[in-house]
Amino acid sequence: MLKSKTFVKKTRSGGVLKVVREHYLRDDIWCGSEVCTECKQDSTVLQRDACIESSLCPYPHYLVPDTNVVLHQIDVLEDPVIRNVIILQTVLQEVRHRSAPVYKRLKDIIHEQGRHFYTFTNEHHRETFIEREPGESANDQNDRAIRVAVKWYSQHLKTPESGPDGLKVVLLTNDQGNKLKAEETGVVVYKFDEYIKSLIGNPELVDCLALSNDDKNEITSSKVLFPEHLPLSKVQAGIKSGSFLQGTFRASRDNYLEATVFVQGEGEDSTEVLIQGLQNLNRAVHQDVVAVQLLPKNQWVAPSSVVLQDDGAAKDDNVDEDEEEKVLTGALTETARRATGKVVGIIKRNWRPFCGMLNVSQIKESTRHLFTPADRRIPRIRIETRQASTLAGQRIMVAIDGWPKDSRYPNGHFVRSLGAAGEKDTEEEVLLLEHDVPHQAFSQAVLSFLPKMPWSITPEDMAQRQDLRHLTVCSVDPPGCTDIDDALHCRELENGKLEVGVHIADVSHFIRPGNALDKEAANRGTTVYLCGKRIDMVPELLSSNLCSLRSNVERFAFSCIWEMNHKAEILKTRFTKSVINSKASLTYAEAQMRIDDANKNDDITESLRGLNKLAKILKKKRIENGALTLSSLEVRFHMDSETHDPIDLQTKELMETNSMVEEFMLLANISVAQKIYEEFPESALLRKHPAPPPSNYDILIKAAKSKNVMIHTDSAKALADSLDGAKVDGFQYFNTLLRILATRCMMQAVYFCSGMDSDFHHYGLASPIYTHFTSPIRRYADIIVHRLLAVAIGADSTYPDLMDKHKQSALCNNLNYRHKMSQYAQRSSVAFHTQLFFKTRGILNEKGFVLFVRKNAIIVLIPKFGLEGTVFFDSKDKASPNLVFDEEGPTLKVEQHTFHIFDQVKVTISLDDSNIQHQKIRMALIEPVIPGVSVPAPEAEPQAKKRKLDR
545 MLKSKTFVKK TRSGGVLKVV REHYLRDDIW CGSEVCTECK QDSTVLQRDA CIESSLCPYP
605 HYLVPDTNVV LHQIDVLEDP VIRNVIILQT VLQEVRHRSA PVYKRLKDII HEQGRHFYTF
665 TNEHHRETFI EREPGESAND QNDRAIRVAV KWYSQHLKTP ESGPDGLKVV LLTNDQGNKL
725 KAEETGVVVY KFDEYIKSLI GNPELVDCLA LSNDDKNEIT SSKVLFPEHL PLSKVQAGIK
785 SGSFLQGTFR ASRDNYLEAT VFVQGEGEDS TEVLIQGLQN LNRAVHQDVV AVQLLPKNQW
845 VAPSSVVLQD DGAAKDDNVD EDEEEKVLTG ALTETARRAT GKVVGIIKRN WRPFCGMLNV
905 SQIKESTRHL FTPADRRIPR IRIETRQAST LAGQRIMVAI DGWPKDSRYP NGHFVRSLGA
965 AGEKDTEEEV LLLEHDVPHQ AFSQAVLSFL PKMPWSITPE DMAQRQDLRH LTVCSVDPPG
1025 CTDIDDALHC RELENGKLEV GVHIADVSHF IRPGNALDKE AANRGTTVYL CGKRIDMVPE
1085 LLSSNLCSLR SNVERFAFSC IWEMNHKAEI LKTRFTKSVI NSKASLTYAE AQMRIDDANK
1145 NDDITESLRG LNKLAKILKK KRIENGALTL SSLEVRFHMD SETHDPIDLQ TKELMETNSM
1205 VEEFMLLANI SVAQKIYEEF PESALLRKHP APPPSNYDIL IKAAKSKNVM IHTDSAKALA
1265 DSLDGAKVDG FQYFNTLLRI LATRCMMQAV YFCSGMDSDF HHYGLASPIY THFTSPIRRY
1325 ADIIVHRLLA VAIGADSTYP DLMDKHKQSA LCNNLNYRHK MSQYAQRSSV AFHTQLFFKT
1385 RGILNEKGFV LFVRKNAIIV LIPKFGLEGT VFFDSKDKAS PNLVFDEEGP TLKVEQHTFH
1445 IFDQVKVTIS LDDSNIQHQK IRMALIEPVI PGVSVPAPEA EPQAKKRKLD R
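Each position in the sequence shown, counted from 1, maps to that position plus 544 in my numbering.
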């Protein structure tokens, strides 16, 4: 049976296009139920014994949620208790259009066999298809389609022997109008929350309910605390006229009364608008897309230099005006005022489930409690739960439902518990969830695209590749590395020149465009390395086995081979798909020992020496061209083999071999970037590092000036030369500190598509063009670069998305996001393991250097541990010392002593675990001695002796 759908749509040019689509109706769309005797179905999803214990529905029943139930109550639907659910095509399509994250979560539930969720294509079934009635809205038509489908199911599954307690089909909705109309047609219908509250064996599910409008009205006060948000129509008109700006809201970690809104402009015209005070923040949450209105210039202020310590106490519904006044007054005395505004409307909420802990209410028997998120940028959330005593001391997840103008905090609901706070597995889960790191096990759909084992290289494979198994190839990596991306070789040719090869794992051979494995890798974007754990981008069979260039096994590689002279000048470059057999998998230390041992003269050692010699020349040339050599302290933990807790902590030492590998990886990346851009000027995936704006260098210049050293920042070359010459007599660590500070001034390097940008320059490397080619096991960008290079040399065929610059650009946005979150997750993992390390150490005394000076604190770097901490000089418990902050220095005068950047201090280091959610390293000043501020040096030695006895 054929129907036609007719609709009109607006074209880009402003015209109107009439579209007519054929719509086929069928009789052979089955109901999916075991009860059915009419449908000729081979398999069923919905069970005969569909029993969920409910006081409202004491009979077997199937559930049919409407669209709004799915959109707002997905947390409940994900619970395993909810089974035998019919998801109508009408609902699925509307959810897909309105929320991609909820749609994905719903599809995941449907694919779980044990959940018995069945998708019924009601819009193509002859008896459930409906046509739109005159004057009927799209929303009303969808509601009617759902009612018609539920009515059909009820009649279709009714059997003579079913009786009053037979199987029924229950519609779940929160729309009162839809409920009344369903009741009029004889459909069994309940509000979603009343059905969930009727579940006898699962009272905890009530906590997961998103608040309805009625509930929201119940828990708000009569006092209006915030300005009304403007409707979207007014917001859009204001943005178009220029009276409002659209941007991303970024809350401050250090000050809950302050935020910035990043307004994206053309090229380098992006700006940041400062927002201060609860009224001006106006219920925006970190990462929301908002509309801001600039305040008059005489109301502009500077960012506050006050570090507000979070005391963990829950405030009531009154805005803390004293606290706000203190911050704003401090800001008004600053000289460097910035564009300041207020939030007038919300364009897009970017809410997600947040991890954190419950602040149990002091009111006995109360079910309303405040939840404190782990991320300090997120406000506290008010939730209703009857499990407060159980959840106290646990890490939990909570979702926001809304934030009324008469509520100090947003309202939300409990999602699930993650485990006891402070436990290693729980904290690791929190860390991954908070940084949006995909870490679920790879699905069967993804694993189905892996090669079947046992795997081997076939004669057909060899015919399409260059055989390089005879070359003395070896890999050099950190200890314990199993995902070996790269290997190297160097040999002398008959013509006296040198052949150098960089051989990279050929991951793109195993991951083909568009399949489930490729989509999963593209979504993950990068492998995430935590302390003692790795979250792979691709399944382990590839990352640690078939793609890993381990020694003494044959592996596919993508090789970049140069012919060079002894001055490291490139004479020829070629790229080829190859087969290699690595002769050794070495650590940096093992490779260094081979190079340094004069008694070793085997082929591997000679190859390493040749590579090392060339690498030194390449590095010298790079630095002469203006490449920066910056510094950041990376730490390495030594783990207990049984408990996996850190037992030692030290900064990583870099060797010549680290630099050797780095130089050839950089050279390969540059060579490949040139090749793919030459072949595909519109769709090459490249990487750039923007030059920092001059203001970024202010702190570096001031810090150097305080030691009578001049730093020039006109160009990367000028900066590099200044850093090389920066020395202070008797202060050996000065240059390293300066380079650490210079690293903080840099912009983030990003991926981009060549057809969407004109500035390709990589500032840090002083290279006009750059990409990532050398780590395809752990970076998806490299897989795309491999595909581009393979097409360029005729080793593989192209596909549409590879040449689509808009899709490449969208992919780059995801890769940049994943890469950034991976770095944050790694830092958080180091911070957590540092806390574990200090938990058993008691109090330690260490020397450090002042890295930054604030209004009420100094930030101290402890080089021995690569650790940063804050020494506060104002306290709520005792009278604060006399503080004078000079922004120009910057300096902080505490009583009679003045602190400058890079001053040497001595501090006590201990773990402050008074707030279990936000445990932190606490530092207190020992030297210089300031009466009433410094603490006497405690004895750290007995603790060390005790630890030896314990072990």
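Positions of the beta carbon are idealized from the N, C-alpha and C atoms, including for glycine.
Pair within 8 Å by beta-carbon distance, residue i and residue j
{"i": "residue 639", "j": "residue 629", "result": "no"}
{"i": "residue 1072", "j": "residue 981", "result": "yes"}
{"i": "residue 1447", "j": "residue 1396", "result": "no"}
{"i": "residue 1281", "j": "residue 1267", "result": "no"}
{"i": "residue 1029", "j": "residue 1322", "result": "yes"}
{"i": "residue 916", "j": "residue 924", "result": "yes"}
{"i": "residue 749", "j": "residue 625", "result": "yes"}
{"i": "residue 1018", "j": "residue 1103", "result": "no"}
{"i": "residue 965", "j": "residue 938", "result": "yes"}
{"i": "residue 884", "j": "residue 942", "result": "no"}
{"i": "residue 752", "j": "residue 959", "result": "yes"}
{"i": "residue 903", "j": "residue 848", "result": "no"}
{"i": "residue 1249", "j": "residue 1278", "result": "no"}
{"i": "residue 1259", "j": "residue 1170", "result": "yes"}
Bridge-paired residues (DSSP) for residue i
{"i": "residue 1011", "result": "1123"}
{"i": "residue 1467", "result": "1453"}
{"i": "residue 1427", "result": "1438"}
{"i": "residue 698", "result": "Residue 698 is not bridged to any residue."}
{"i": "residue 917", "result": "900"}
{"i": "residue 554", "result": "560"}
{"i": "residue 820", "result": "802"}
Three-state class that DSSP yields for residue i in the structure shown
{"i": "residue 947", "result": "coil"}
{"i": "residue 588", "result": "coil"}
{"i": "residue 835", "result": "strand"}
{"i": "residue 1161", "result": "helix"}
{"i": "residue 1212", "result": "helix"}
{"i": "residue 858", "result": "Unreliable positioning characterises residue 858 in this predicted model, as indicated by a pLDDT of 45, which lies under 50. The coordinate reading is nonetheless provided below. Residue 858: coil per DSSP, three-state reduction."}
{"i": "residue 873", "result": "In this prediction, residue 873 has a pLDDT of 48, which is less than 50 and means its spatial position is unreliable; nothing more can be read from the coordinates."}
{"i": "residue 665", "result": "coil"}
{"i": "residue 1510", "result": "In the structure as shown, the chain begins at 545 and stops at 1495. Residue 1510 is therefore absent and cannot be evaluated."}
{"i": "residue 1327", "result": "helix"}
{"i": "residue 752", "result": "helix"}
{"i": "residue 1356", "result": "helix"}
{"i": "residue 1389", "result": "strand"}
{"i": "residue 863", "result": "A caution first: residue 863 carries a pLDDT of 49, below 50, which makes its placement in the model unreliable, though a value can still be read off. Residue 863 falls in the coil class under three-state DSSP."}
{"i": "residue 1021", "result": "strand"}
{"i": "residue 498", "result": "Residue 498 lies beyond the stretch modelled for the chain, which goes from 545 to 1495, so this question has no answer here."}
{"i": "residue 896", "result": "coil"}
{"i": "residue 1443", "result": "strand"}
{"i": "residue 602", "result": "coil"}
{"i": "residue 1461", "result": "coil"}
{"i": "residue 853", "result": "With a pLDDT of only 46 at residue 853, under 50, the local geometry of the prediction cannot be trusted, and no value is derived from it."}
{"i": "residue 1001", "result": "coil"}
Within-8 Å CB hit, residue i to chain C
{"i": "residue 1139", "result": "Given the protein chain composition of this structure (a single chain), no chain C is represented."}
> Can you find at least 3 beta carbon pairs, one from the segment 1104 to 1111 and one from the segment 1031 to 1046, that sit closer than 8 Å?
Replying inline: yes
> Is the segment 1367 to 1387 in contact with the segment 1347 to 1354, if contact means three or more CB pairs nearer than 8 Å?
Replying inline: no
>> Does the segment 1116 to 1134 come into contact with the segment 1096 to 1104, if we say contact requires no fewer than three beta-carbon pairs (one atom in each stretch) closer than 8 Å?
In response: yes
>> Under 8 Å: do the segment 1219 to 1237 and the segment 1285 to 1304 share three or more Cβ pairs, one atom per stretch?
In response: Yes: at least three Cβ pairs fall under 8 Å.
>> Within 8 Å, do at least three Cβ pairs link the segment 788 to 806 to the segment 832 to 849?
In response: yes
>> Under 8 Å, with one C-beta from each stretch per pair, do the segment 1022 to 1039 and the segment 965 to 974 reach the 3-pair mark?
In response: no
> Which runs of the alpha helix (DSSP H) spanning at least 4 residues fall entirely within the segment 1243 to 1324, listed in chain order?
Replying inline: 1260 to 1269, 1278 to 1289
>> Quick test of the definition: if touching needs 3 or more C-beta pairs under 8 Å, does the segment 1052 to 1061 touch the segment 1299 to 1317?
In response: Contact check between the segment 1052 to 1061 and the segment 1299 to 1317: fewer than three CB pairs, one atom from each, fall below 8 Å, which does not count as touching.
> Should the segment 611 to 620 be called in touch with the segment 642 to 660, which here means at least 3 C-beta pairs below 8 Å?
Replying inline: Short answer: they touch.
> Just checking, does the segment 1208 to 1228 make contact with the segment 1236 to 1251 on the three C-beta pairs under 8 Å criterion?
Replying inline: No: fewer than three Cβ pairs fall under 8 Å.
>> Within 8 Å, do at least three Cβ pairs link the segment 657 to 669 to the segment 580 to 600?
In response: yes
> Hey, is the segment 929 to 938 in contact with the segment 984 to 996, meaning 3+ C-beta pairs nearer than 8 Å?
Replying inline: Counting Cβ pairs under 8 Å, fewer than three are found: no touch.
> Would you say the segment 764 to 780 touches the segment 946 to 955, given that touching needs at least three Cβ pairs under 8 Å?
Replying inline: Touching, per the Cβ criterion.
>> To test your reading of the DSSP string, which unbroken beta strand (DSSP E) runs of 3 or more residues are found completely within the segment 1045 to 1106?
In response: Taken in chain order, the unbroken stretches of beta strand (DSSP E) that lie wholly in the segment 1045 to 1106 and span 3 residues or more are 1072 to 1074, 1077 to 1079.
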